[in-house]
Amino acid sequence: MLTQNLGFPRIGAQRELKRACEKYWKGISSLEELQETGRLERLKNWQFQYNAGIDLIPSNDFSFYDQVADHIFMFGAIPSRFKMLTSKLNNSDLYFALCRGYQKDGFDVTPLEMTKWFDTNYHYLVPEFEKNQQFKLSSNKVIDEFNEALEAGIKTKPVLLGPFSFLKLGKEKSTDFNRLDLIHALLPVYIELIGRMENAGIDCIQIDEPCLAGDLTHPEQQLYRAVLTELFGSFPSIKFVLTSYFDGIEKQIDWVKCLPLEILHLDLVRAPEQLDLFLEKIPKFLTLSLGLVDGRNIWANNLHESLEIIQKTAKKIGTDRIILAPSCSLLHVPYNLENEDDETNLPLFVKEKMAFAFQKINELVLLKELALVNPSKQAVEKLEKNKIVVENWAKNPAITNTQVQKQVAEVQNKWGKIDRKSSFKERICKQQEKLNLPLFPTTMIGSLPQTTEVRKMRRNFINGSISKQEYDEFIEAAIKDAINWQEEVGIDVLVHGEFERNDMVEFFGEQLEGFAQTQNGWVQSYGSRGVKPPIIFGDVFRKAPMTIHISKLAQSFTEKPMKGMLTGPVTILQWSFVRNDQPRKDTTIQLGLAIRDEVLDLEKAGLSIIQIDEPAVREGLPIKKENQNDYLNWAVKCFKLCSWGVKDETQIHTHMCYAEFNDIIQSIIDMDADVISIETSRSQMELLNVFTKNHYPNQIGPGVYDIHSPRIPDVDEMTDLLLAASKYLPAKNLWVNPDCGLKTRNWDETKKSIKNMIHAAIRMREAITPQ
Ligand code: ZN
Numbered sequence: 047m048l049t050q051n052l053g054f055p056r057i058g059a060q061r062e063l064k065r066a067c068e069k070y071w072k073g074i075s076s077l078e079e080l081q082e083t084g085r086l087e088r089l090k091n092w093q094f095q096y097n098a099g100i101d102l103i104p105s106n107d108f109s110f111y112d113q114v115a116d117h118i119f120m121f122g123a124i125p126s127r128f129k130m131l132t133s134k135l136n137n138s139d140l141y142f143a144l145c146r147g148y149q150k151d152g153f154d155v156t157p158l159e160m161t162k163w164f165d166t167n168y169h170y171l172v173p174e175f176e177k178n179q180q181f182k183l184s185s186n187k188v189i190d191e192f193n194e195a196l197e198a199g200i201k202t203k204p205v206l207l208g209p210f211s212f213l214k215l216g217k218e219k220s221t222d223f224n225r226l227d228l229i230h231a232l233l234p235v236y237i238e239l240i241g242r243m244e245n246a247g248i249d250c251i252q253i254d255e256p257c258l259a260g261d262l263t264h265p266e267q268q269l270y271r272a273v274l275t276e277l278f279g280s281f282p283s284i285k286f287v288l289t290s291y292f293d294g295i296e297k298q299i300d301w302v303k304c305l306p307l308e309i310l311h312l313d314l315v316r317a318p319e320q321l322d323l324f325l326e327k328i329p330k331f332l333t334l335s336l337g338l339v340d341g342r343n344i345w346a347n348n349l350h351e352s353l354e355i356i357q358k359t360a361k362k363i364g365t366d367r368i369i370l371a372p373s374c375s376l377l378h379v380p381y382n383l384e385n386e387d388d389e390t391n392l393p394l395f396v397k398e399k400m401a402f403a404f405q406k407i408n409e410l411v412l413l414k415e416l417a418l419v420n421p422s423k424q425a426v427e428k429l430e431k432n433k434i435v436v437e438n439w440a441k442n443p444a445i446t447n448t449q450v451q452k453q454v455a456e457v458q459n460k461w462g463k464i465d466r467k468s469s470f471k472e473r474i475c476k477q478q479e480k481l482n483l484p485l486f487p488t489t490m491i492g493s494l495p496q497t498t499e500v501r502k503m504r505r506n507f508i509n510g511s512i513s514k515q516e517y518d519e520f521i522e523a524a525i526k527d528a529i530n531w532q533e534e535v536g537i538d539v540l541v542h543g544e545f546e547r548n549d550m551v552e553f554f555g556e557q558l559e560g561f562a563q564t565q566n567g568w569v570q571s572y573g574s575r576g577v578k579p580p581i582i583f584g585d586v587f588r589k590a591p592m593t594i595h596i597s598k599l600a601q602s603f604t605e606k607p608m609k610g611m612l613t614g615p616v617t618i619l620q621w622s623f624v625r626n627d628q629p630r631k632d633t634t635i636q637l638g639l640a641i642r643d644e645v646l647d648l649e650k651a652g653l654s655i656i657q658i659d660e661p662a663v664r665e666g667l668p669i670k671k672e673n674q675n676d677y678l679n680w681a682v683k684c685f686k687l688c689s690w691g692v693k694d695e696t697q698i699h700t701h702m703c704y705a706e707f708n709d710i711i712q713s714i715i716d717m718d719a720d721v722i723s724i725e726t727s728r729s730q731m732e733l734l735n736v737f738t739k740n741h742y743p744n745q746i747g748p749g750v751y752d753i754h755s756p757r758i759p760d761v762d763e764m765t766d767l768l769l770a771a772s773k774y775l776p777a778k779n780l781w782v783n784p785d786c787g788l789k790t791r792n793w794d795e796t797k798k799s800i801k802n803m804i805h806a807a808i809r810m811r812e813a814i815t816p817q
């Protein structure tokens, strides 16, 4: 029996790589310094795993930005718009230009698009393919990193993203070809690469093919099989580990079991039921890698349960054909639980039940020892302790609230009735009567510039160098300024600016019961950006109002409508580490109920417009089609639950910022928000096509200002976008707003752009008479 890891976090336990990258990008440090930080991080990771006793340690799981971008670069699949940079920039800068764009010395090259990695909050860079795309081996990273580990005395197993997934995860730049046809150009380059790796002394390679766990058409299956057969068959003396994760691959078993392959990895956390089938069907030469330790969540392994699975497997195929592994790469969990010592925000009984990457590595080694005939006394003690923690957990009154559970049961009984009181048509008339908004009403998505001053004051408040009163006064003044400015420029529906919030999920996580926070639980979101997801460990409820005071205060500064601003239950769920002892649906209902308490209080406090942001609904979509409907059904219901019982006159807004609305449009319609704002400006309103085609019945605000860049769009440009939008949708349904995330911009840019946006709205009012 062996142990293996599939990938380790890489941003650094104290976010060393983030700091090093950002310094380098700002020109404060040299490339050598950045590379040295990278080298040290890799070394630390390898040495830790080696000392822990892991048998197959991954390399090439490190990346300065993103592993898919590394492959794009390695295979020379650089889009033509970057070609003029190739002679100008060194390799590292060209790589970063792909990831971040290049706006310097008269160049203005946009970066590769980013999108979510399956159902995670990690963003990868999307490969762009041209019709006659050529591939050429253009980097030695894989072998360099293998050699680097070797010099430290550690022989590693390099990780490659497999050729099928590499193509499948990309997109075509034109519609006249299918990117999977490029396999004929790509496969020889993979074979060349692996040939070189073999010459460098590499004898074990992990091929990640996460697309195996998705829906595959019959021709795709055939292609997949041919590609992997040729790839593996070309190197009889290399041990290949074929990995997939995030769902089961039982539908592919009939051909996967015939591959000339040594080790097959299964995600047994997401899809435990597939194991039996594989135990039944796999041939004698195949070793199974059991993905038992959850790579997507921070809960400690239930060692007893895992041991049972290991023993069952051993009975069928023998201990020699078993490898123990995490379910997927550990990229999606933080580094080390030992860096957490704040018992107020992370109670001991919760911490005891948790495991970060370091702890998960130790769990694998421990499981291997426990599965032996004579495990050491210490190992057995750890098993016993784990058993006690697991047993105590279920009994712990701190995670259970019977009142909340009763409410959840009630909601489930009334599941079909969770609706607004009247239809949209009736509601909108009453709302318009109350709000009296002009045609093309203007608003913003919520946050306003989080200046260094705002961040500094929050830090000072947290570390105690200013009092709560001083902090509150500062926030109040910031809100007042923001409102004065909005009134001056003539915004119709105001926002308070979210200055009091660090992050739209963390802010609510800190106030809701059932949540814990970490100090260093950072996970890479994209490039140098990390998120620190809160932990939902118990029944969730609202112990006290969260936004009422500030919203009321903000409303008191203006006669115009002020939006109450909340984060929706699905987004809070999706961007947290969620308890695994009850269905996600139940946890989301609890979140929905807590947000509903807040919505009803906001309404009582006199807010006539309430926005419930749900940017992560699309991200939570299960990988396989067969599971999507169930998810969408409860996700929609949990959103609707938040405004269940509000008056017809109260206008409910939502916001989404994910580009792939195609496959969830019916659910967006079913959410029945009075107004939805969506991010669109980068797609030149094309996105609205989906909403038109599906006759989106309610009101909608397409973003007309791309806030991801410091560019200030002029009035003509935004008017054109609105004209384009009004071709798609009835003018009376259109709102005017920027894309989300103004908190990342500065005031100067924001003020200029919003002023132009309002002028564009005025022009539209003059140009268009509603039908
Ligand atoms: Zn957004």
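Positions 47 to 817 (my numbering) are the ones given, in order, by the sequence shown.
Here a beta-carbon is modelled for each residue, glycine too, at the ideal position from N, C-alpha and C.
With 16 other Cβ atoms within 10 Å as the buried cut-off, status of residue i
i      : result
PHE331 : exposed
CYS475 : exposed
GLN515 : exposed
LEU133 : Correcting the residue type first, residue 133 is Ser in the shown sequence and not Leu. Burial call: exposed.
GLY152 : exposed
ASN106 : buried
MET889 : Nothing about residue 889 can be read from this structure; the chain reaches only from 47 to 817.
THR359 : buried
ASP322 : exposed
SER602 : exposed
The alpha helix (DSSP H) enclosing residue i, as first and last residue numbers
i      : result
GLY747 : Where GLY747 is concerned, there is no enclosing alpha helix (DSSP H), although the beta strand (DSSP E) it sits in stretches over 745-748.
VAL273 : 264-279
ILE118 : 113-120
MET764 : 761-774
PRO234 : 229-245
Extent of the continuous beta strand (DSSP E) to which residue i belongs
i      : result
LYS609 : 609-613
PRO250 : In the sequence under discussion, the amino acid at residue 250 is Cys, which differs from the Pro named in the question. Note, CYS250: beta strand (DSSP E), 250-254.
ILE74  : Taken as a continuous stretch (DSSP letters only), ILE74 belongs to no beta strand (DSSP E), as it is neither H nor E.
THR700 : 697-702
HIS169 : 169-171
GLY555 : Looking at the DSSP string, GLY555 is not in any beta strand (DSSP E); the run it does join, the alpha helix (DSSP H), is 552-555.
Supposed close pair residue i, residue j - CB separation, criterion 8 angstroms
i      : j      : result
ALA681 : VAL692 : Incorrect: roughly 19 angstroms between the Cβ atoms, too far for contact.
ILE368 : ILE356 : 7 angstroms
LEU376 : GLY53  : 6 angstroms
MET400 : LEU383 : 6 angstroms
VAL749 : ASP785 : Position check: residue 749 holds Gly in this sequence, whereas Val was assumed. The Cβ separation is near 3 angstroms, so the contact holds.
THR617 : VAL551 : 7 angstroms
ASP190 : CYS145 : That belief does not hold up - the Cβ atoms of ASP190 and CYS145 are roughly 19 angstroms apart, past 8 angstroms.
PHE583 : ALA640 : Wrong, their Cβ atoms sit about 15 angstroms apart, outside the cutoff.
ILE200 : TRP92  : 5 angstroms
LEU648 : ILE722 : Between ILE722 and LEU648 the Cβ distance is about 19 angstroms, and since that is not below 8 angstroms, they are no contact.
C-alpha distance - residue i paired with residue j, whole-angstrom precision
i      : j      : result
ILE253 : LYS69  : 33 angstroms
MET160 : ILE407 : 30 angstroms
GLU82  : GLU62  : 11 angstroms
ASN482 : GLY560 : 41 angstroms
LYS431 : ASN348 : 11 angstroms
ALA115 : GLY122 : 11 angstroms
ARG473 : PRO776 : 18 angstroms
LYS589 : PHE554 : 12 angstroms
TYR291 : LYS778 : 46 angstroms
PHE737 : PHE707 : 9 angstroms
GLU544 : PRO443 : 34 angstroms
LYS650 : LYS606 : 17 angstroms
LEU619 : ILE464 : 20 angstroms
MET803 : GLY99  : 59 angstroms
GLU308 : THR333 : 6 angstroms
LEU418 : GLU79  : 45 angstroms
TYR572 : LYS162 : 9 angstroms
ILE714 : ASN744 : 10 angstroms
Cutoff 9 angstroms: residue i Cβ touching any chain B Cβ
i      : result
PHE331 : You won't find chain B in this structure, because it holds only one protein chain.
| said: Residues around the ligand ZN, please: the condition is that the C-beta lies closer than 5 angstroms to some non-hydrogen atom of it. | reply: PRO661, CYS703 and CYS786
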